[in-house]
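Its first residue numbered 7, the sequence shown is counted upward by one per residue in our numbering.
Where a beta carbon is used, it is the ideal one built from N, C-alpha and C, also for glycine.
Taking it in order: structure first as structure tokens, then the write-up.
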Amino acid sequence: DLHWADQPSLDLLSHLVFTLADTEHDLAPLVVLGAHRPVEPEERLARTIDRFRRESVCVSVNLGGLSELEVSDLIRSLGLRTPPHRFVWSVNTAARGNPLFVQEIVQQFGENAPSAEVPLSSQITVSIANRLKGLPDDCREVCSLASLLGESFSLEALVAVSHREELPLLELLQVGIRQRVLMNDGPLFRSEE
Numbered sequence: 007d008l009h010w011a012d013q014p015s016l017d018l019l020s021h022l023v024f025t026l027a028d029t030e031h032d033l034a035p036l037v038v039l040g041a042h043r044p045v046e047p048e049e050r051l052a053r054t055i056d057r058f059r060r061e062s063v064c065v066s067v068n069l070g071g072l073s074e075l076e077v078s079d080l081i082r083s084l085g086l087r088t089p090p091h092r093f094v095w096s097v098n099t100a101a102r103g104n105p106l107f108v109q110e111i112v113q114q115f116g117e118n119a120p121s122a123e124v125p126l127s128s129q130i131t132v133s134i135a136n137r138l139k140g141l142p143d144d145c146r147e148v149c150s151l152a153s154l155l156g157e158s159f160s161l162e163a164l165v166a167v168s169h170r171e172e173l174p175l176l177e178l179l180q181v182g183i184r185q186r187v188l189m190n191d192g193p194l195f196r197s198e199e
């Protein structure tokens, strides 16, 4: 969980990575694996990763969310032996395949898996709100408006409800994409998580 690392920990990681990169590994190949949530460009972790990339000692792999079948398997592994399909679907929809959110939801309900839709827990909504804090005010406003259009939306629909011109609106959506809050899925946009 590198997103929690303080500067001394990142300095130690950098020292380890660059020392290993400069050392011959005849006996066995060695890989240092670090996981992190999306980070803002100005964060210390982003700067460390950029340095690794410049020195060609880092390969980044973006991981998507779990599929509904994988969410079902995770729910079973968390103690719900036979979760109702509606519960699995609802958890998957609410958590967007994020294993941490799936765990939070399942722990919230324990053995009492409802068959109705699952509301987002306060931890999840706080996490989402924290991700949006890094956006400029006008971008956050546009993202809030876009959320009213459903899981995915077109630029044309957002232009119609926002009363903004297409080009400035597209620039705000690009900010959301760079901050990993939004994704561009062909002609449609949707939230990243």
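With at least 16 other beta carbons inside 10 angstroms of its own, N98 counts as buried.
Under the 10 Å beta carbon count, T54 is surrounded by 16 or more other beta carbons and is classified as buried.
In the three-state scheme derived from DSSP, where H, G and I count as helix and E and B as strand, S197 is classed as strand. By the beta-carbon neighbour count (other beta carbons within 10 angstroms, threshold 16), V94 is buried.
Counting only the Cα atoms, L176 lies some 15 Å from S158. For L188, the pairing in a beta bridge is given by DSSP as S197. By the criterion of a C-beta distance shorter than 8 Å, Q13 is surrounded in its chain by R50, once the five residues flanking it on both sides are discounted. Ranked by Cα distance from V67, the first of V167, L141, P44 and M189 is P44. For L188 against L194, the beta-carbon gap comes to about 10 Å, at or over 8 Å, which does not count as contact. According to the DSSP assignment, S158 belongs to no alpha helix (DSSP H) but to the beta strand (DSSP E) extending over S158 to S160. Look at N104 here: in three-state DSSP terms it is coil, with no helix or strand label. Under the three-state reduction of DSSP output, P89 falls in the coil class, being neither helix nor strand. For P14, the enclosing alpha helix (DSSP H) begins and ends at Q13 to A27.
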